[in-house]
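This report concerns only the one structure given below.
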Amino acid sequence: MGKKEEYLKRLSDGVVEMEEDDVAEACQEYLDAGYPAFDGIMGGLVDGMNRASQLYEEEEYFVTDVLLCSDAMYAGLDILRPHLPDEDGETKKKGVIGVVEGDTHDIGKNLVKIMLETAGFEMTDLGRDVPLQKFVDTAEEKNADMICMSTLMTTTMGGMETVIHMLEEAGLREQVKVLIGGGPISQKYADKIGADGYSANAVEAVKLAKRLLNII
Amino acid sequence: MAEIIFKQRAGCISCSDGDNLMQVLLDAGIFVDNPCSGKGLCGKCKVRVLSGNPSVMSDTEKKLLKQEEIVSGVRLSCLTEVSGHMEIELLQKEGQHKVLTKGYIPEFDKDSFEEGYGICIDIGTTTVVTALIDLCTGEELADASMINAQKHYGLDVLTRITYEYENPENGAEKLQKAIVNSINGMIEEVCREAEVDKSKILEIDVAANCTMLHMLLGVDARSIGKSPYKPQFLKAQELFARKIGIQAGHGTKLYCLPSVSGYIGADIVAGAYVCRLQEEARNVLFIDIGTNGEIVLASKGRILCCSCAAGPALEGMNISSGMRASEGAIEDVKIREKGIVLQTIGDREPIGICGSGILAVVKELLATGIVKKTGVFVKKEKLPETDYRYPMIRLNGTKRELILHKEPELLVTQGDVRQVQLAKGAILSGFMALLNKAGIHMEDLNKVMIAGQFGAHLPAESLIGTGILPNAVKDKLEYVGNSSKTGAYMTLMSKKVKREIEALAERMEYMELAETENYERIFTECMIFPEI
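Protein sequence lines correspond, in order, to chains A and B.
With our numbering, the residue at position 152 of the first sequence is 424, and numbering never jumps.
With our numbering, the residue at position 82 of the second sequence is 86, and numbering never jumps.
See the structure below:
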């Protein structure tokens with residue numbers, strides 16, 4: 273195994289094992305050794321995060337573990353990103369994500385955002401208690417391919433349906449997929465309000481987004 | 005036109021083709037367990053279709069049922085539409101619930117009354133407790149309890165508020181009618197038992213969470229259901245009981261205790277008062293564990309409080325073999341080398357596991373190393389086949405689960421442990437956030453008071469063993485029972501208590517956890533189970 277591969281493995285393992293400090297250190301050494309930032313991100317950090325998602329899906333890892341893995345990944349990204357070559361016009365799929373108006377519980381949403389970012393989506397995070405119109409306005413402004421909404425409370429679920437109507441009125445419904453999730457949400461509810469998809473957890477959300485946007 | 009007949013009971017229900025089966029059954033007053041309120045999430049509302057043509061089974065429904073259930077005609081009623089003539093077999097019976105009506109009462113000066121009676125009531129989201137008091141002696145003459153009749157509109161506070169959103173014209177009125185009818189029934193019952201003329205009731209005092217108080221008074225509770233969760237009123241309320249339809253004397257007064265915020269209601273203020281946090285010089289924590297865990301901390305002259313969304317796991321909901329605490333529910337579990345020992349309520353054959361049972365299991369799983377502190381099951385292949393734990397663990401694909409009981413099959417899955425872990429993380433993080441805010445450490449706590457229906461059934465070893473409460477407070481736990489009702493009893497007996505409890509509510513400082521800096525971090529750390 274060459275030196276570069278050793279570094280990539282160290283980055284990937286560091287993310288899986290939640291070693292934030294070691295990942296940051298390894299990223300710096302990797303750059304100093306003259307290797308390209310892009311490969312470090314994809315073959316190291318993202319690879320590690322993908323392994324963490326796999327473990328999450330197998331129920332080995334839980335929200336807690338994945339959040340800690342993502343801390344390590346972001347610590348590495350902070351070091352590698354500034355060394356990326358200028359965008360080569362690569363077209364990432366774009367998404368807008370947030371917790372609907374009236375609800376302030378956002379841990380689940382944060383996890384979904386992390387997983388989607390890791391999977392290569394460009395996400396705009398509107399945070400929590402997001403005014404419904406803002407989902408639509410941001411999607412239009414960013415030319416987004418999808419809107420992801422979550423809520424933990426039954427009282428605020430109705431906002432998701434409102435956003436779908438707003439998208440229809442703005443003539444955007446055809447070009448924006450709507451994905452929903454959260455404690456009280458179900459496939460039954462997604463069908464009822466005409467959302468494009470429901471996912472029960474963050475890993476499912478990535479699969480769903482890829483399927484809806486025809487990404488292999 | 006459609007028609008449903010039953011294997012177990014006479015009569016038939018007429019409805020329309022395409023009607024939702026669960027709704028039809030509930031409307032007819034038939035018990036169907038539906039903790040998720042018919043959202044197609046929990047998989048509990050099972051019935052068996054013996055004949056007829058119900059709607060086609062969706063993938064969601066298939067995922068929630070076992071293969072052998074599907075083969076034998078079991079359906080989830082919330083995901084099934086009625087069509088034509090159907091015969092079904094009901095698979096559930098409504099169990100008897102245990103209700104906690106008593107609690108610790110501190111010494112206090114009672115007003116002197118010449119004559120007359122009073123009523124004190126604790127309205128819980130799940131259960132309602134009523135007691136008849138002889139005002140002259142302060143003695144409790146009779147008590148009554150029942151399941152909150154509002155359960156038809158949803159099992160938890162948020163679902164009932166959602167009902168108001170969905171029925172803006174008469175939702176609040178229907179919810180009010182349900183609880184007032186229940187109260188009238190209970191007043192009737194206690195008065196009959198003690199042979200007291202209900203027109204001699206001078207006053208009725210009520211403690212309850214903020215939403216239940218709104219619904220009792222017929223006040224729109226919708227704003228409590230959405231951020232910033234602001235209620236319509238917080239202060240103590242005084243009015244004539246007849247104004248809301250309570251049948252007692254013409255001049256009977258109604259007094260509702262004060263709340264602090266939408267999620268720290270009069271039940272918690274009452275509890276804090278009963279535990280004398282208002283005059284506490286030491287560091288004392290008060291906690292009421294339920295779907296929402298409410299925590300109050302008295303420290304250095306301040307009284308801080310917060311509410312955390314623990315979810316229903318600790319009440320046996322959202323758990324694959326979960327049920328509420330009623331007969332046949334597993335309430336304690338021991339995992340020994342010789343095997344698994346179960347204890348059920350009423351010493352019946354086990355039919356499911358209730359909140360205290362699921363906590364006991366998780367404690368045992370941690371103590372035996374079957375579940376590690378990150379919450380994951382140990383890998384079966386890493387255990388020698390001769391290990392006593394080996395046969396207890398079953399592989400379901402790559403997922404591990406504990407076989408708790410074989411016939412009927414009751415399992416504790418990885419997902420179940422995760423649900424407990426979330427609840428634990430929510431409660432402990434609220435606890436930690438309050439300590440941080442007060443600037444004290446766990447070791448500085450002198451006492452932890454555990455209140456409420458559910459907490460009373462949780463032994464210290466389960467609370468500590470699962471890490472809901474940290475090991476440092478192990479010898480400092482005290483159980484205070486139904487302190488909400490006790491608070492209402494005390495205000496009933498003393499005007500001075502009323503004024504003091506109102507002052508306490510003003511003094512309690514509410515902290516919104518979601519707004520707390522680094523809350524996500526605290527929560528994440530609090531989800532780790534304790535080292536054994």
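Yeah, the Cβ is synthetic: ideal placement off N, Cα and C, and Gly gets one too.
Every value quoted in this text rests on a predicted model; they were computed, and no experiment measured them.
Chain-order list of residues whose beta-carbon lies under 8 Å from that of residue i (same chain, five-residue window excluded)
i               : result
T378 of chain B : I532, F533
P388 of chain B : Y394
R280 of chain B : P110
Chain B within 7 Å of residue i, Cβ atoms only
i               : result
T423 of chain A : no
I379 of chain A : yes
T376 of chain A : yes
E332 of chain A : yes
Cα-Cα separation between residue i and residue j, rounded to whole angstroms
i               : j               : result
G459 of chain B : Y483 of chain B : 8 Å
G348 of chain A : V295 of chain A : 6 Å
S284 of chain A : D293 of chain A : 13 Å
D351 of chain B : L439 of chain A : 57 Å
Q4 of chain B   : L383 of chain A : Examination of residue 4 of chain B is not possible in this model, given that chain B is present from 5 through 536 alone.
G429 of chain B : E529 of chain B : 8 Å
M345 of chain A : V287 of chain A : 6 Å
D319 of chain A : E278 of chain A : 14 Å
L45 of chain B  : D420 of chain B : 14 Å
E118 of chain B : E144 of chain B : 17 Å
I386 of chain A : S342 of chain A : 7 Å
E85 of chain B  : M327 of chain B : 25 Å
L220 of chain B : I248 of chain B : 8 Å
V165 of chain B : T427 of chain A : Here the sequence assigns Ile to residue 165 of chain B, which means Val is not the residue at that position. If you take the alpha carbons of I165 of chain B and T427 of chain A, they lie about 7 Å apart.
A32 of chain B  : I8 of chain B   : 11 Å
Same chain, Cβ closer than 7 Å to residue i, neighbours up to 5 away in sequence not counted
i               : result
A464 of chain B : K478, L481
L508 of chain B : V273, A276, Y277, Q282
T372 of chain B : I339, R393
A442 of chain A : V408, E412
L104 of chain B : Q457, A460, G485, N486
Interface partners of residue i on chain B, CB under 8 Å
i               : result
L340 of chain A : T528
N473 of chain A : By Cβ distance, chain B contributes nothing, its closest Cβ being about 10 Å from N473 of chain A, past 8 Å.
N382 of chain A : E524
Proximal chain A residues relative to residue i, where beta-carbon distance stays under 7 Å
i               : result
K43 of chain B  : P456, S458, K460, Y461
T215 of chain B : What T215 of chain B touches in chain A: nothing, since even the nearest Cβ is about 11 Å away.
Q418 of chain B : E331
T402 of chain B : E330
CB contact check: residue i to chain A, cutoff 7 Å
i               : result
M453 of chain B : no
V597 of chain B : Chain B is shown from 5 up to 536; residue 597 of chain B falls before or after that span and cannot be answered.
I165 of chain B : yes
K2 of chain B   : Outside the shown range of chain B, which is 5 to 536, sits residue 2 of chain B, and nothing can be said about it.
T470 of chain B : no
T130 of chain B : no
R422 of chain B : yes
A225 of chain B : no
A285 of chain B : no
A146 of chain B : no
A518 of chain B : yes
Chain-ordered neighbours of residue i on chain A, where CB pairs are closer than 8 Å
i               : result
I532 of chain B : T336
T64 of chain B  : S458, Q459, K460
A313 of chain B : H377, L424
Under 7 Å from the C-beta of residue i: neighbouring residues of chain B
i               : result
T426 of chain A : L162, T163, T166
Chain-ordered neighbours of residue i on chain B, where CB pairs are closer than 9 Å
i               : result
G430 of chain A : T166, Y169, E170
Chain-ordered chain E contacts of residue i [CB-CB under 7 Å]
i               : result
Q425 of chain B : The structure shown has no chain E; the protein chains it does contain are A and B.
Cross-chain neighbours of residue i in chain A, by beta carbon under 9 Å
i               : result
A317 of chain B : Within 9 Å Cβ-Cβ: nothing; A317 of chain B doesn't reach chain A, min ~12 Å.
Distance cut-off 6 Å: residue i Cβ against heavy atoms of the ligand COA
i               : result
K366 of chain A : Looking for the ligand COA in the displayed structure turns up nothing, as the structure carries no ligands at all.
6 Å Cβ shell around residue i - same chain, five flanking residues per side excluded
i               : result
A153 of chain B : A182, S186
Please list the residues of the region 445-471 of chain A that have a C-beta atom closer than 7 Å to any C-beta atom in chain B, keeping them in chain order.
-> P456, S458, Q459, K460, Y461
Chain B contacts made by the region 388-401 of chain A, where a contact means CB separation under 9 Å | R400, D401
Interface residues of the region 230-248 of chain B facing chain A [CB-CB below 7 Å] | K230, S231
Where the region 77-94 of chain B meets chain A: residues whose CB sits under 9 Å from a CB there | C82, L83
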